[in-house]
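Chemist: Got a structure for you, questions after.
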Amino acid sequence: MERKEVAVALGRDNGEAAEARRDPEAILHRLREEEAAAPTGRGKLKVFFGYAAGVGKTYAMLSEAHRAQEAGADIVVGYVEPHTRADTLALVEGLEVLPCRELSHRGIALREFDLDGALARRPQIVLVDELAHSNAPGCRHRKRYQDVEELLRAGIDVYTTVNVQHLEGLNDKIAAITAVAPSERIPDRIFDAADSVELVDLEPADLIERLQAGKIYAPERVGTALAHFFSRTNLVALREVALRRAADRLTRNAPASAVPHAAGGEDVLVLVSGEDAAARVIRTAAALAEAAHGTLTALVVESPEEAAAPDEVEGRKRAVALAEELGARVVTLAGDDPVQPLALYAATAGIRRIVVPAGTGRSRLFGRGEVAWRLMRAAPEAVVTAVPAVDAPSVLKRLHASTGFRPTAADGIRALGAVALATVVSAVAWAVSPATSVVLMVYLLVALLVATRADGFLYAVLAALGSVVAYNFFFTAPRFTFHAYGLSAPVIFAFLLMGTLAASSLAIRLKRQAAQAARRSYRTEVLLESSRKLQAASTLDGCLETAAAQVVKILDRPVVIYRADDLAPSGLAAPRVFDVPGTGGGDAEAAALTAPGERAVAAWVAANGEPAGATTDTLRETRCLYLPIRSAERVFAVAGLVMERDSGDFGSFERNLLAALLDECGQQAQALVLARDRRNLSVKAEKEALRSNLLRAISHDLRTPLTSISGDADVLLTAGDALDGAQRRRLASDIYEDATWLIDLVENLLSVTRLDDGAVEVARAPELVADVLDDALRHVSRAAADRAIAVEVEDELLMASMDGRLIVQVVVNLVNNAVAYTPPGSTIRVTAARQRSAAGEPLVAVAVADDGPGIPDGEKARVFELFYHGTAAGEGWSAAPGEGGDSRRGMGLGLSLCRSILRAHGSDIILADAVPHGCVFSFTLPEAAVPMMEGGGSYGSSR
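So the sequence shown is numbered by my numbering: it starts at 695 and just counts up by one.
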């Protein structure tokens, strides 16, 4: 399904305090206009690719724009960098130029590409210079390539420019060549997915000549540029990299069948950490996966020690974002040490190439060293690539963050309390029996018990040192001094220090691991519960409510749900806020979360199918992170997750859980929509079959009586005088019978139609059963005169709650059916009697029985279907002369109409065999009490 593309102008023109949010009503108005005018298909991207500034990318782009305009294309200049080169500026003339968006940031006036203006103008081609540019605060997207992506989704072709140093995958290589790490980068996928890449090449000597002539930079900057980035060595290397990357793009975009071994590419697993070198590690892993034509998996191992380190958490978030940008699938596991999770996951997933940071192992006891060396021993079948850190400070910072040594006053108090308590207990034990072994065990035990309530490893250090000092002062000879004369005292002190430190550290670590494990176990359990509940949901609203409730339960944050509604002006139904139970957010909080600005962002997400809002690069000046609940074909709803400034508890694990839950919700919503569509198709097919059967039956069954009526009338008109009275009466009787049959047929057709459409209202009232049966028998077929019809009513005053008019029609159809399928001389019994339901409620049972040949067992399940005709009336009887053909003609409506009427009464019709042969049709109705008159008598209903 084509996605609707709309533009939302939202943001804050950061700068002067007078700047305010743009009018949300204008945003919604633009949504409606652009949605109505949205084109079909996706636009095409053409990239003019160079190895350095000044090679002529913008000039080539503008020249191509003039050629396209001469060919009849509707082309506009969206944004071109304000060059001082006269030849480049001259090419802008003759092209339509969109006005730039004026912004103010920190008192500086900025000009940015006006995305909303381009979407409103909606040309065939837009020129957008400098693809890697970072937008100023106040723009919808953080990066210009995201603006270009939205233009492409809107069906607009884009010409753009980019240099080789701005490709994310080449960042480390460019930094090694030029000693400069570009800050503005684009994901490699944007470059590789371009429909066309034109390499703009220029000899380095010619480029240097242009630079010296002042055609690239101002004269005062030429010397610095030549000495650094624009040195001949750098330019030659950059040109080679650009040529190789342009050629490599052809291989990357080639189909799997055209690339040797592409179908069986080698997957790569990379360890994601929070250190500064993580970006380099991820880029290396992405390059390896690309070269091996495999997939990249980024593994995040969250340890309890690092969970509370702000620098580590933020660094990991940046690394995860980079991995996702490079196309990696992020997996989060818990563990104190990354080696075992890495090895186990690689073995389970069948990945044989692992990339890890070098030099990030934590120096610990019992021989734990660098991750790469230990991983080689834990996974000997894997190829381990260790990527060194860029600089030593990043490693030192990570080591500092991973120690967990965060001083708190509470831990200091706990350590002093533990030492004091152990000293008091030891003093009591010493008074009973002066044994040093007991004292040492007391210090160890108390330190271990109190460690279960400690927050950090400061407690372990203080408790260990305090235990040694207290033991030396109170229990080592000479007592109450800090001297120790025993030769074994240093050894005892050392073991007490090490034992207390190790036991306390282990207890703290186990406590953190247990808390983290419990938290993850709870969230995993909720995720499984969510899966079960979503599968049990029978409606789209129920599915969305379940998903919202489970997200609140997992993440403990309010959630806003917007259901997609094509009839609503913004494409979304009214929002529903699901608050955290017990927080008492109230109406004011709900109003803030559903403000017009928030709704506008949700509408953008619904139209584009991409995340936006807080923590993203699109429309980030909002309180909520908005995510689409979608399938591969359409967006069913938008979920807004409240993201306050302190979102340290929303890491990659939580994001993966949220993505999994919303994805499952989208799949279930898709299943519900498909089930609804299947039901609609089934109903449509049934209606088509009904229409076909009806037309076929009418064409046959109406032609016969109409032909008979026409023939008999023609005889009466042309030869009536030659006929005797008996012959004329017989012809008139045939005409009357055929006309009556046609009237009954039309009545049955109208009744079936009204019942199926719900146009008939059942007006229940107490009715005398005997009167209803008598009335029905007066309207049965004239062929009933050849059958013996017996009526047996248990009580003349027996009354039932019914719509008498409809029940009369039921009895008439049942009797006529018995007449049609029994031979002349048969007996038809119509009975009515009281009976009790299984719950003891009083009922009236009405039955129509015959002694005909009966109905074969194979047809009993179908006799109530529309347009179904039974086989021959039974064995041993054939229609007598004059009764064949039309004597039992019909459209198969009678029994189906009976069932519809009785179901409208809350009852049903039952078919059973009669003894010794024949069949019985019966139904029940609620018994009605006989109303009492004032004189004490009773009366029945007058009909």
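Idealized CB from N, CA, C, for every residue including glycine.
If the criterion is Cβ atoms closer than 8 Å, does the pair Leu1596 and Phe1617 meet it?
Modeler: Locating residue 1596 in the sequence shown gives position 902, where the first residue counts as 1. Locating residue 1617 in the sequence shown gives position 923, where the first residue counts as 1. For Leu1596 and Phe1617, yes; Cβs fall inside 8 Å.
Chemist: Cα separation between Ala1014 and Gly988?
Modeler: Residue 1014 sits at position 320 when you count from the first residue of the sequence shown. Residue 988 sits at position 294 when you count from the first residue of the sequence shown. It is worth fixing the name first, because residue 1014 is Val in this sequence and not Ala. Val1014 and Gly988: Cα-Cα distance of roughly 19 Å.
Chemist: Could you tell me whether the stretch 783-793 touches the stretch 758-765, using the rule of 3 or more Cβ pairs below 8 Å?
Modeler: Contact holds: three or more Cβ-Cβ distances are below 8 Å.
Chemist: Which partner residues does Phe743 have in the DSSP bridge list?
Modeler: As a first step, residue 743 is located in the sequence shown; it is residue number 49 there, counting from the start. DSSP output for Phe743 lists Val856 and Leu893 as bridge partner(s).
Chemist: For the stretch 1200-1212 against the stretch 1167-1175, do three or more pairs of beta-carbon atoms, one drawn from each stretch, fall closer than 8 Å, so that the two count as touching?
Modeler: Output reads no: the stretch 1167-1175 does not touch the stretch 1200-1212.
Chemist: Taking DSSP's pairing of strands, which residues face Arg1481 in a bridge?
Modeler: Locating residue 1481 in the sequence shown gives position 787, where the first residue counts as 1. Partner(s): none; Arg1481 has no beta bridge.
Chemist: Rounded to a whole number of angstroms, what is the C-alpha to C-alpha distance between Val1487 and Asp1432?
Modeler: Here residue 1487 refers to the residue found at position 793 when the sequence shown is read from its first residue. Here residue 1432 refers to the residue found at position 738 when the sequence shown is read from its first residue. Using only the alpha carbons, I get a separation of about 32 Å.
Chemist: What residue range is occupied by the uninterrupted alpha helix (DSSP H) comprising Cys1237?
Modeler: The residue you call residue 1237 lines up with position 543 of the sequence shown. Leu1234 to Leu1249 is the span of the alpha helix (DSSP H), which, as asked, contains Cys1237.
Chemist: Could you give the residue range of the alpha helix (DSSP H) that holds Asp866?
Modeler: As a working note, residue 866 is residue 172 in the sequence shown. Its alpha helix (DSSP H) spans residues Asn865 to Thr872.
Chemist: Please list the terminal residues of the continuous beta strand (DSSP E) segment that includes Ile819.
Modeler: Against the sequence shown, residue 819 aligns to sequence position 125. First-last of the beta strand (DSSP E) with Ile819: Ile819 to Val822.
Chemist: With DSSP as the reference, please indicate the residues paired to Tyr1638 in a beta bridge.
Modeler: In the structure displayed, the chain extends from 695 to 1637; residue 1638 sits before or after that span and is not available.
Chemist: Counting only the same chain and skipping the five closest in sequence on each side, list residues whose C-beta sits under 7 Å from that of Ala1258.
Modeler: In the sequence shown, the residue the question calls residue 1258 occupies position 564. Once the five neighbours on either side are set aside, the close Cβ partners of Ala1258 are Gly1265, Leu1266, Ala1300, Val1329, Phe1330 and Ala1331.
Chemist: Give the DSSP-derived three-state secondary structure of Arg1523 in the structure shown.
Modeler: As a position in the sequence shown, residue 1523 is number 829, starting the count at 1. Reduced to three states, the DSSP call for Arg1523 is strand.
Chemist: Have a look at Glu1441, Val1126 and Gly1600 and flag the residue whose alpha-carbon is nearest the alpha-carbon of Ala1457.
Modeler: Position 763 of the sequence shown, counted from the first residue, corresponds to residue 1457. Of Glu1441, Val1126 and Gly1600, the residue nearest in Cα terms is Gly1600.
Chemist: Buried or exposed: which applies to Glu1535, given that a residue is buried once 16 or more other Cβ atoms fall within 10 Å of its Cβ?
Modeler: Indexing the sequence shown from 1 puts residue 1535 at position 841. Classification for Glu1535: exposed.
Chemist: Quick check: what's the CA-CA separation for Arg834 versus Thr1312?
Modeler: Taking the sequence shown and counting its residues from 1, the one referred to as residue 834 is at position 140. Taking the sequence shown and counting its residues from 1, the one referred to as residue 1312 is at position 618. Cα to Cα, the separation comes out at about 5 Å.
Chemist: Locate the alpha helix (DSSP H) running through Ser1402, then write down its first and last residues.
Modeler: Taking the first residue of the sequence shown as position 1, residue 1402 is located at position 708. Run containing Ser1402: Arg1397 to Ala1413, per the alpha helix (DSSP H) assignment.
Chemist: Between Ala1123, Glu1006, Gly1106 and Phe1168, which has its C-alpha nearest Ala1145's C-alpha?
Modeler: Residue numbering aside, residue 1145 sits at position 451 when the sequence shown is read from its first letter. Checking every option, the nearest Cα to that of Ala1145 belongs to Gly1106.
Chemist: Output the distance between the C-alpha atoms of Arg1582 and Tyr1515, rounded to the nearest integer angstrom.
Modeler: To locate residue 1582, count along the sequence shown from 1; it is residue 888. To locate residue 1515, count along the sequence shown from 1; it is residue 821. Residue placement at Arg1582 is poorly supported in this model, since its pLDDT is 44, which falls under 50; the coordinates still yield a value, given next. Roughly 7 Å between the two C-alpha positions.
Chemist: Given a cut-off of 8 Å on the beta-carbon distance, is the pair Ala1041 and Pro1082 in contact?
Modeler: Counting from one through the sequence shown, the residue named residue 1041 turns up at place 347. Counting from one through the sequence shown, the residue named residue 1082 turns up at place 388. No, the Cβ-Cβ distance between Ala1041 and Pro1082 is not below 8 Å.
Chemist: In terms of DSSP beta bridges, what is Cys1318 paired with?
Modeler: To locate residue 1318, count along the sequence shown from 1; it is residue 624. Answer by DSSP bridge pairing, in chain order: Val1336.
Chemist: Do Leu1110 and Gly1029 have their C-beta atoms within less than 8 Å of each other?
Modeler: For the purposes of this step, residue 1110 is taken as residue 416 along the sequence shown, with counting starting at 1. For the purposes of this step, residue 1029 is taken as residue 335 along the sequence shown, with counting starting at 1. No.
Chemist: Helix, strand or coil: how does DSSP classify His835 here?
Modeler: Position 141 of the sequence shown, counted from the first residue, corresponds to residue 835. Reduced to three states, the DSSP call for His835 is strand.
Chemist: Based on Cα-Cα distance, which residue from Val1077, Thr918, Ala888 and Val930 lies nearest to Leu963?
Modeler: Mapped onto the sequence shown, residue 963 falls at position 269. It is Val1077 whose Cα lies nearest to the Cα of Leu963.
Chemist: Between the Cα of Glu934 and the Cα atoms of Asp889, Leu893 and Arg977, which residue gives the shortest distance?
Modeler: Within the sequence shown, numbered from 1, the residue matching residue 934 stands at position 240. That would be Leu893, whose Cα lies nearest to the Cα of Glu934.
Chemist: Closer than 8 Å is the cut-off here; do at least three beta carbon pairs connect the stretch 735-742 with the stretch 846-853?
Modeler: Taking 8 Å as the limit for Cβ pairs, the verdict is that the stretch 846-853 does touch the stretch 735-742.
Chemist: What do you reckon, are the CB atoms on Val1271 and Thr1288 nearer than 8 Å?
Modeler: Counting from 1 along the sequence shown, the entry for residue 1271 is found at position 577. Counting from 1 along the sequence shown, the entry for residue 1288 is found at position 594. In contact: Val1271 and Thr1288 (Cβ atoms closer than 8 Å).
Chemist: Determine the closest residue to Phe1615 out of Leu990, Ala1622, Ala1598 and Arg1593, with distance taken between C-alpha atoms.
Modeler: As a working note, residue 1615 is residue 921 in the sequence shown. Taking only the C-alpha atoms, the option nearest Phe1615 is Arg1593.
Chemist: If you compare alpha carbons, which of Thr1525, Gly1612, Asn1510 and Pro1518 is closest to Asp1551?
Modeler: By 1-based counting over the sequence shown, the position of residue 1551 is 857. Nearest of Thr1525, Gly1612, Asn1510 and Pro1518 to Asp1551, Cα basis: Gly1612.
Chemist: Put Asp1418 into one of helix, strand or coil per three-state DSSP.
Modeler: For the purposes of this step, residue 1418 is taken as residue 724 along the sequence shown, with counting starting at 1. Coil at Asp1418, not helix or strand.
Chemist: DSSP state of Thr782, grouped into three classes?
Modeler: For the purposes of this step, residue 782 is identified with residue 88 of the sequence shown, where counting begins at 1. Reduced to three states, the DSSP call for Thr782 is helix.
Chemist: Can you check DSSP and say which residues form a bridge with Glu1461?
Modeler: Along the sequence shown, read from residue 1 onward, the residue named residue 1461 stands at position 767. DSSP lists Ala1494 as partners of Glu1461.
Chemist: Could you spell out the range, first to last residue, of the beta strand (DSSP E) harbouring Pro913?
Modeler: Position 219 of the sequence shown holds residue 913. It is not in any beta strand (DSSP E) - Pro913 instead sits in the alpha helix (DSSP H) that spans Pro913 to Ala921.
Chemist: In the DSSP assignment, find the alpha helix (DSSP H) that holds His760 and state where it starts and stops.
Modeler: Within the sequence shown, the letter at position 66 stands for residue 760. Note, His760: alpha helix (DSSP H), Lys751 to Glu764.
Chemist: Straight-line CA distance for Asp1468 to Leu1508?
Modeler: Within the sequence shown, residue 1468 is the residue found at index 774, counting from 1. Within the sequence shown, residue 1508 is the residue found at index 814, counting from 1. Those two C-alpha atoms are separated by around 14 Å.
Chemist: On the DSSP letters alone, give me the boundaries of the beta strand (DSSP E) that Asp1488 sits inside.
Modeler: Taking the sequence shown and counting its residues from 1, one reaches residue 1488 at position 794. Residue 1488 is actually Glu in this sequence, not Asp. Premise fails: Glu1488 is in no beta strand (DSSP E) and is neither H nor E.
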